[in-house]
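Asker:
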Amino acid sequence: MTIKYPASEIEAKWQKAWSERKTYSVDIEKATKPFYNLMMFPYPSAEGLHVGNMYAFTGTDIYGRFKRMQGFDVFEPIGLDGFGIHSENYAFKVGKHPVEQAKRSEKNFYRQLSLIGCMYDWTRTIETYDPQYYRWTQWLFVEMFRHGLAYRAKAEVNWCPSCKTVLADEQVIEGKCERCGNIVEKRSLEQWFFRITAYAGKLLENIPSLKWSEKVLIAQKNWIGKKEGINITYPVVDEKGTHIGEVSCFTTRPDTNYGATFVVLAPEHPFISTLARVIKKEKADAIGQYITATTKMSPEDRIAQGRKKTGIATGLYCLNQLTGYTMPLYVSDFVVMGVGTGAVVGVPGHDLRDFEFAQVMKIPAVRVVVGPDGDTSEITKPEQVQEDAGTMIHSEFLDGMVIADAITAMMNYLEKKGWGKRVVTYHLRDWLISRQRYWGPPIPMIYCQTCEQKGKGERSDMPGWYTVADKDLPVELPVIDDYKPGDDGIAPLAKHKEFYETLCPGCGGKAVRETDVSDTFLDSSWYFLRYPSVGVNGAPFDKTFTKKWLPVTMYTGGAEHSVLHLMYSRFIWMCLYDWGYFDFSAKGRPALGWEEPFPNFFAHGLVIKDGAKMSKSKGNVVNPDEYIKLYGTDALRMYLMFMGPFSEGGDFRDSGMEGMARWVGRIWRIATSSLEAGTDVVASDIVIKSLHKTIRKVGEDTDKRHYNTAIAATMEFTNLVADEGGSLTIPMLKAFLLILAPYAPHLTEELWSRLGGKFSIHHQPWPTYDPAKLVEETIPVVIQVNGKLRDTLQIDVESASNQEKIEATARSSEKVQKFIKDQTVRKVIFVPARLINFVI
RNA sequence: GCUCCCGUGGCGGAACUGGCAUACGCGUACGCUUUAGGAGCGUAUCCCGUAAGGGUUAGAGGUUCAACUCCUCUCGGGAGCACCA
């Protein structure tokens, strides 16, 4: 008769017990060894969780449980990032009002989250759409404004015609909307921005101090995109040499400036209006036509054109003061206004794009660098364009220098002459914060036309604008029926007088509220600060709690947030730090400082199904509910973790799941038979030794989050137990349950209680292993001949490092004799306690 | 195009610092057991060979007594950035 493990019954029983007895709640005030184990909270953009989410949460939870057993006060909170475009779009899709859908999602997500066996502190949840939460999101906006870091500007912004809203640069992937995949258009609109560029330097500087996955750090570094170069100013002249004005070009390669033969302006460049006034009308019209044609083109088409260069000459020239060369001035769409100064100095010999353009316009290429190939001939083919390495020629005082030295020398020279100025530029742009949508926190600002006309306002640089007073926060999002965004780019709230009509905090006259809401990423940029302070009134976070629990001890999440959420959170944190909202001074400043919210971030892998990332749009989503019902939470948790290293993700297949359920049954049987046999069980040396080894291995691997190999080790142990009779002594069984507890919390809790263990197993310390038990009496030493394995010896530990003894034994081995008897042994390599190699 | 990561059995994956390649699991085959269950147990399972032995970590070279591991190139897959001046 087979004994079956009744998973659902047992799991329900313990979930109830944990919840009733608040097993996983932490005393935020009294905890002495705080460990903030945070996972990225989910955004409800579907009916419920899929196993990809569960994978991430389980992997984080195992680590938290392990740390708890190691004696830390582990705080593991959960919540919902329920405000924002993803949730709103989902509500539209299912035909529900976002407010109503949020309630449904909340219920179902929390139901599922309580089934997956994580040690969440259910007394401290956060929903970003809760007015008690977004009251402080709005406060953050107010603070940003007061510190001069929030501003309004008309700008070329990314507009998604499908989502009917603007997007931040980071949300545009290959010219398409990150959410819906539609092609993004450019629109010129008045928007709110956060001045994240003010922190570009610090965001970059701190990167080396972060203990994050390398690829995430690289992604952040690239996104910030620091470039050190120089702005060179060229005088602009007409054919007769009359001075028209100046054009400034940014370059990181001033060393090649002796080879500069043309200058190109972006179609949007402001100088074009100046030059249009001085050139012939036909010419100006032709340029106008070119510009209209390019600006009409979608950004995607502009790239998709195969980089075939087009452009139009202005008939004017820039003067290269180094050479006296008059460089023709063009307008071309391959130059982008947002990059550098929007004007490029063309060096066709040493930049491929410049070369392509020069070919089209029949501009000569001058060689000023000789590359490693030694080619000094004229540059006529793209393969000859030398971009990276070499020494200077035809460049007067730079001749013979390597590129790096020449760059410095040229910069010094240009600055001395007053022709250029060193500058640092960043790829990072200011954070576009406003959204013309409904489902988000209303931006807490008031605009007064009267005050603007009088030049009055809260900030002198932004007349007419006032923040909503702290006592009036939150500005609650009203429940309206016409919540869908229109094509006109007008926010849904802008159609509701009862919402926006208000009084001016400055003059007391009639004024209007801002009707845009803020970006979802603002909601999630500070949630980790709120968790320890849930329930605190009058402040977003309590200073004492924050001092105790932050920065986050270990943050776990997906690498897809490399440049979005993680960058914004770092920025917000740095602001709060600089404004004096933290009180970390007395805590003992660590080497890395307090300037970072997540000193440790672990990027987990993705669950793959049918060769693709699990996602709603691909239709390959697996709901954990059915598997939990069939095999139990513990089996599913362990199956997910066994697929591969936690950092790599894995391939979800049903068949593997069954194997894991079998193994859970096997553990159940070993425990049952051990209980029945009781004191009759005699522990063999080999099992004792193996247990100690397993304790060590599981501890080490869990700490490194190599959960797959940790589980493999426990399987090896149960295989051995099965071979040795299938039972364990009670103390040994207890030790085994303890190391399995983070992985299978319900199963181990049940068996622990059946063994008479005190509630809860999850409050027990991690078992220790006896190093003496790990010492082997004999170890295998490998004998090689010419590096090939020929025999293995079992040698007692003391002799294993004795070369003479081992060499003698090895030489006498029959298998070895066969290979060395007719040969001369030229050399013997001996690695103590490992191998001996005869070279013949 | 640039940057980074990765290629190990039929499959997911092990392999510490250069020292026994293929742990653990899935799948498969055969057998045993059991009132037939999505059950349990056992044996086998990288390739060639009856064996001795030989070959094998995408492919080709190199360094080394010794390479999955280090170096060079090629091919294949993935991720990020992208006319970034």
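Reading the first sequence from the start, the letters are residues 1283 to 2122 in this note's numbering.
Backbone N, C-alpha and C fix where the C-beta goes; we use that ideal spot for every residue, glycine too.
What are the residues that DSSP puts in a beta bridge with lysine 2109?
Answerer: Looking up residue 2109 in the first sequence gives position 827. Its beta-bridge partners are Val2121.
Asker: Is the Cβ-Cβ distance between valine 1845 and alanine 1501 less than 8 Å?
Answerer: Taking the first sequence and counting its residues from 1, the one referred to as residue 1845 is at position 563. Taking the first sequence and counting its residues from 1, the one referred to as residue 1501 is at position 219. Yes, Cβ-Cβ distance for valine 1845 and alanine 1501 is below 8 Å.
Asker: On the CB-based measure, 16 or more other CB atoms within 10 Å of its CB, does methionine 1567 come out buried or exposed?
Answerer: For the purposes of this step, residue 1567 is taken as residue 285 along the first sequence, with counting starting at 1. One point to set straight first is that residue 1567 is aspartate, not methionine, in the sequence displayed. Counting Cβ neighbours within 10 Å, aspartate 1567 comes out exposed, since fewer than 16 surround it.
Asker: Look up arginine 1635 in the DSSP assignment and say whether it is helix, strand or coil.
Answerer: Against the first sequence, residue 1635 aligns to sequence position 353. Of the three classes helix, strand and coil, the one that applies to arginine 1635 here is helix, per DSSP.
Asker: Mind checking threonine 2106: buried by the 16 CB within 10 Å criterion, or exposed?
Answerer: Position 824 of the first sequence, counted from the first residue, corresponds to residue 2106. Threonine 2106 is exposed by the Cβ-count criterion.
Asker: Proline 2013: buried (16+ other C-beta within 10 angstroms of its C-beta) or exposed?
Answerer: By 1-based counting over the first sequence, the position of residue 2013 is 731. Counting Cβ neighbours within 10 Å, proline 2013 comes out exposed, since fewer than 16 surround it.
Asker: One question on the structure: do leucine 2015 and leucine 2037 come within less than 8 Å of each other, judged by their Cβ atoms?
Answerer: Sequence index remark: in the first sequence, residue 2015 carries index 733 (1-based). Sequence index remark: in the first sequence, residue 2037 carries index 755 (1-based). It is a contact, given that the beta carbons lie within the stated cut-off.
Asker: Can you tell me the Cβ-Cβ gap for isoleucine 1910 and leucine 1918, rounded? I've got them flagged as a contact below 8 Å.
Answerer: Translated into positions along the first sequence, residue 1910 becomes position 628. Translated into positions along the first sequence, residue 1918 becomes position 636. Yes, they are in contact, since the Cβ atoms of isoleucine 1910 and leucine 1918 sit about 6 Å apart, within 8 Å.
Asker: Between the Cα of threonine 1976 and the Cα atoms of Leu2020, Leu1362, Pro1664, Asp1754, which residue gives the shortest distance?
Answerer: Counting from one through the first sequence, the residue named residue 1976 turns up at place 694. If we check each option's Cα against that of threonine 1976, Leu2020 comes out closest.
Asker: If I measure Cβ to Cβ from serine 1966 and keep anything under 6 Å in the same chain, skipping five residues before and after, which residues do I get?
Answerer: Counted from its first residue, the first sequence places residue 1966 at position 684. Correct list, in chain order: Glu2006.
Asker: Take the Cβ of glutamate 2032 as the centre, count every other Cβ of all protein chains shown within 10 Å, and call the residue buried at 16 or more, exposed below.
Answerer: Numbered from 1 along the first sequence, position 750 holds the residue referred to as residue 2032. With 16 or more Cβ atoms within 10 Å of its Cβ, glutamate 2032 is classed as buried.
Asker: For glutamine 1394 and tryptophan 2034, I'd like the C-alpha separation in whole angstroms.
Answerer: Within the first sequence, residue 1394 is the residue found at index 112, counting from 1. Within the first sequence, residue 2034 is the residue found at index 752, counting from 1. Going by the C-alpha atoms only, they are around 25 Å apart.
Asker: Rounding to the nearest angstrom, what Cα-Cα distance links aspartate 1363 and proline 1326 in this structure?
Answerer: If you number the first sequence from 1, residue 1363 lands on position 81. If you number the first sequence from 1, residue 1326 lands on position 44. If I take the Cα positions, the gap works out to 7 Å.
Asker: Where DSSP assigns a beta bridge to valine 1705, which residues make up the other side?
Answerer: Here residue 1705 corresponds to residue number 423 of the first sequence, with the count starting at 1. DSSP output for valine 1705 lists Gly1511 as bridge partner(s).
Asker: Counting C-beta neighbours from all protein chains within 10 Å, is the total for aspartate 1801 16 or more, i.e. buried, or is it exposed?
Answerer: As a first step, residue 1801 must be located in the first sequence, where it is residue number 519. With 16 or more other Cβ atoms within 10 Å, it is buried.
Asker: Comparing alpha-carbon positions, which option in Gly1597, Pro1536, Val1439 lies nearest glutamate 2161?
Answerer: Since the first and last residues shown for the chain are 1283 and 2122, residue 2161 lies out of range.
Asker: Looking at the structure shown, is histidine 1368 part of a helix, part of a strand, or coil, going by DSSP?
Answerer: Counting from 1 along the first sequence, the entry for residue 1368 is found at position 86. The answer is helix: DSSP assigns histidine 1368 an H, G or I state.
Asker: Would you mind sorting lysine 1428 into buried or exposed? The rule is 16 or more other CB atoms within 10 Å of its CB.
Answerer: Locating residue 1428 in the first sequence gives position 146, counting from the first residue. Residue identity check: residue 1428 is arginine in the sequence provided, not lysine. The residue is exposed, with fewer than 16 neighbouring Cβ atoms inside 10 Å.
Asker: For aspartate 1412, which of helix, strand or coil comes out of DSSP?
Answerer: For this step, residue 1412 is matched to residue 130 along the first sequence. Correct three-state label for aspartate 1412: coil.
Asker: So, for alanine 1873: in the same chain, excluding its five sequence neighbours on each side, which residues have a beta-carbon less than 7 Å away from its beta-carbon?
Answerer: To locate residue 1873, count along the first sequence from 1; it is residue 591. Any reading at alanine 1873 must be qualified, since the residue scores a pLDDT of 47, below 50, and its modelled position is unreliable; no value is offered.
Asker: Rounded C-beta distance between threonine 2060 and isoleucine 2088? I'm assuming under 8 Å.
Answerer: Counted from its first residue, the first sequence places residue 2060 at position 778. Counted from its first residue, the first sequence places residue 2088 at position 806. In this structure threonine 2060 is not in contact with isoleucine 2088, their Cβ atoms being roughly 13 Å apart against a cut-off of 8 Å.
Asker: Using a Cβ-Cβ cut-off of 6 Å (strictly less than) and excluding sequence neighbours within five positions of glutamate 1638, which residues of its own chain qualify?
Answerer: Taking the first residue of the first sequence as 1, we reach residue 1638 at position 356. Only Lys1591 meet the Cβ criterion.
Asker: Should the stretch 1760-1777 be called in touch with the stretch 1693-1707, which here means at least 3 C-beta pairs below 8 Å?
Answerer: Too few Cβ pairs lie closer than 8 Å, so no.
Asker: Mind checking whether tyrosine 2129 and methionine 1744 have CB atoms under 8 Å apart?
Answerer: The structure shown does not extend to residue 2129, since the chain spans only 1283 to 2122, so no value can be given for it.
Asker: May I ask you to list the residues that DSSP assigns as paired with aspartate 2073?
Answerer: By one-based count along the first sequence, residue 2073 stands at place 791. Partner(s): Ile2065.
Asker: As a quick exercise: from Ser1807, Ala1328, Trp1747, pick the residue whose alpha carbon is nearest that of asparagine 1905.
Answerer: Within the first sequence, the letter at position 623 stands for residue 1905. When each option's Cα is compared against that of asparagine 1905, the closest is Ala1328.
Asker: Where does arginine 2126 land, buried or exposed, given buried means 16+ other C-beta within 10 angstroms?
Answerer: What is shown of the chain runs 1283 to 2122, which leaves residue 2126 out entirely.
Asker: What does DSSP give as the partner residue(s) for tryptophan 1441 in the beta ladder?
Answerer: Indexing the first sequence from 1 puts residue 1441 at position 159. BP columns for tryptophan 1441 point to Val1448, Glu1467.
Asker: Tryptophan 1713 bridges to which residues according to DSSP?
Answerer: Within the first sequence, the letter at position 431 stands for residue 1713. For tryptophan 1713, which the question treats as bridged, DSSP gives the partners Phe1476.
Asker: Give me the Cα-Cα distance between threonine 1515 and threonine 1543, rounded to the nearest whole angstrom.
Answerer: For this step, residue 1515 is matched to residue 233 along the first sequence. For this step, residue 1543 is matched to residue 261 along the first sequence. Threonine 1515 and threonine 1543: Cα-Cα distance of roughly 15 Å.
Asker: What alpha helix (DSSP H) runs, 4 residues minimum, are completely inside the stretch 1357-1402?
Answerer: 1367-1375, 1380-1397
Asker: Buried or exposed: which applies to asparagine 1539, given that a residue is buried once 16 or more other Cβ atoms fall within 10 Å of its Cβ?
Answerer: Here residue 1539 is taken as the residue at index 257 of the first sequence, counted from 1. Asparagine 1539 is buried by the Cβ-count criterion.
Asker: I'd like the span of the beta strand (DSSP E) that includes tryptophan 1747, first residue to last.
Answerer: Here residue 1747 refers to the residue found at position 465 of the first sequence. It spans 1747-1749 - the beta strand (DSSP E) in which tryptophan 1747 sits, taken as one unbroken run.
Asker: Which runs of the alpha helix (DSSP H) at least 4 residues long sit entirely within the stretch 1823-1867? Give them in chain order.
Answerer: You should have 1825-1831, 1847-1860.
Asker: Got a sec? Which residues, its chain only, sit under 7 Å from leucine 1601 by beta carbon, not counting five neighbours each side?
Answerer: As a first step, residue 1601 must be located in the first sequence, where it is residue number 319. Excluding residues within five positions, the ones whose Cβ falls inside 7 Å are Tyr1516, Pro1517, Val1519, Thr1608.
Asker: Given 8 Å as the limit, is there contact between the stretch 1668-1678 and the stretch 1570-1580, that is, 3 or more CB pairs closer than that?
Answerer: Because the criterion of three Cβ pairs below 8 Å is not met, the stretch 1668-1678 and the stretch 1570-1580 do not touch.
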